[in-house]
Amino acid sequence: MCTNPNHQNHLLRLVLSCRKLTAQVTQPSTASIIAMASSSEQEFVPLYRARLNRFPRQTRFWDSKVAARVGDKLAFRLHEIRISTVSIDLHEELSRPLHLRQLVLPLFDSVRRAGVVVDGAEKLSIGAVQSSPVVGMDGQD
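As structure tokens, then:
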């Protein structure tokens with residue numbers, strides 16, 4: 322938890338569709354969007370067009386790599402406005418189907434790697450992702 326008395330718990334929300342992924346950070350008191358990044362921005366247009374013209378057509382035009390790049394853009398914009406902590410609606414994220422949760426986890430990871438704390442993202446890990454000590458082939462360290 323942040324020790325800054327002026328700290329507001331900004332909410333990071335994801336809007337997912339088959340065509341685009343949008344990450345929005347809202348201010349809790351007014352519910353207004355203060356930072357946003359989307360896979361429909363100019364940087365992603367060539368990739369979108371390439372996937373649109375591919376045969377057989379894909380049902381989703383974004384993947385985990387695009388999600389990670391959207392997370393990087395969002396983290397950069399959060400740094401510009403000096404926001405260092407955001408939280409997620411854990412219930413909403415856990416209610417997503419597993420295949421969509423796997424696709425958006427890189428977004429949370431890239432925001433976290435850029436230095437923005439994402440409260441609640443650690444509870445979204447899928448499977449055994451925890452690090453364990455490496456043991457030699459003979460069972461000895």
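Going by this note's numbering, the sequence shown opens with residue 322, and the numbers climb by one from there.
For each residue, glycine too, the CB sits at the ideal point set by N, CA and C.
Computed from a prediction, not measured in an experiment: that's the story for all the values here.
In this structure, L395 sits near A344, with a CB-CB distance shorter than 8 angstroms. Distance from the CA atom of A388 to the CA atom of S361, rounded to whole angstroms, is 11 angstroms.
Collapsing the DSSP output to three states places A344 in a strand.
In the DSSP annotation of this structure, D410 is not part of any alpha helix (DSSP H), being labelled neither H nor E. In the three-state reduction of the DSSP assignment, S359 falls in the strand class. Under a 10 Å Cβ-count criterion, I404 is classified as buried, with 16 or more other Cβ atoms of the shown protein chains found around its own Cβ.
In this structure, G441 lies away from I402, with their beta-carbon atoms at least 8 angstroms apart.
Nearest in C-alpha terms to H420, of all of R381, R370, L399 and R372, is R381.
Beta-bridge annotation (DSSP): I354 is paired with T347. Residue state for R434 is assigned as helix, using DSSP reduced to three classes. For R334, the pairing in a beta bridge is given by DSSP as Q345.
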